[in-house]
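**Q**
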Amino acid sequence: MNYEQARSNIKTGDLIGVRDVHGLLGKATTFFTRKPYTHTGVAVWVGDRLFMADLNSGRNALHPLSQVGSFDVCDPPADIPRDFIERAIFDWLAKPIDYGYLAFLVIGLRCFLKLKTFIHWRKIVVCSGGSVTIYELAADAMILAGKAPPSAWEDHNRMLSPGELVEELGPPKLTIRP
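Start counting the sequence shown at 189; every next residue gets the next number (this note's numbering).
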């Protein structure tokens, strides 16, 4: 399905698993992680415009989802309401981020060598860790609001590849190709 056909089925909070392979970084990501995903972000509607909140070039930002060529859409963690995710996205966008070029290398080597080690860096993240952080912020807000805590996202691994995060959230509900 193309973007225009899928657009109305994408909701705030959905994980976007980008399959575009551009340049050396995209090729290295798919080679080392052994997965088709090169990037992730979280969908957010702002009025009638659809964006992806993501880490790109070492900064957190909103990018129009219409500019992403090929991607899959996954539901967010089932126990986190989308209104909490939406607030978390905008809280996250206001925070400075330590982009982890070292984390990028560690994740790639761990995936390439098929290591099962659990590396749990909290502050240095790449795009998939940024997406996890948004879900964690939403879970924290639920706890503060007196809601039942979504245990799977209270303290999650941020050192995972885009493909690993897509796999954790389950099979994609939509596949978008140009």
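Note that the Cβ used here is the ideal one computed from N, Cα and C, for glycine as well.
1. Following the continuous alpha helix (DSSP H) through leucine 174, name the residue where it begins and the one where it ends.
2. So, with DSSP's three-state summary, where would you put glycine 205?
3. Whose CA, out of Arg365, Val320, Pro269, Pro284, lies closest to the CA of lysine 199?
4. With a 10 Å radius around its C-beta and 16 neighbouring C-beta atoms as the bar for buried, classify leucine 357 as buried or exposed.
5. Enumerate in chain order the residues of its own chain whose CB-to-CB distance from leucine 362 is below 8 Å, with the five nearest sequence positions on each side excluded.
6. Count the other CB atoms within 10 Å of the CB of histidine 227; is the residue buried (16 or more) or exposed (fewer)?
7. Which residues in the same chain have their Cβ closer than 8 Å to the Cβ of asparagine 248, if we skip the five residues on either side of it in sequence?
8. For a test of the three-state rule: what should DSSP assign to arginine 270, helix, strand or coil?
9. Taking buried to mean at least 16 other C-beta atoms within 10 Å of its own C-beta, is isoleucine 273 buried or exposed?
**A** From the atom records:
1. Past the boundaries of the shown model lies residue 174; the chain is included only from 189 to 366, so the question cannot be answered.
2. Strand, per DSSP.
3. The residue with the shortest Cα to Cα distance from lysine 199 is Pro269.
4. buried
5. The beta carbon of leucine 362 sits closer than 8 Å to the beta carbons of Met189, Ala194, Asn197, Ile198, Asp260, Val261 from its chain, once the five residues preceding and following it are set aside; these are given in chain order.
6. So histidine 227 ends up on the buried side.
7. If we look at asparagine 248 and ignore the five residues flanking it on each side, its Cβ neighbours are Ala241, Asp242, Trp280, Leu281, Lys283, Ile285, Gly318.
8. helix
9. buried
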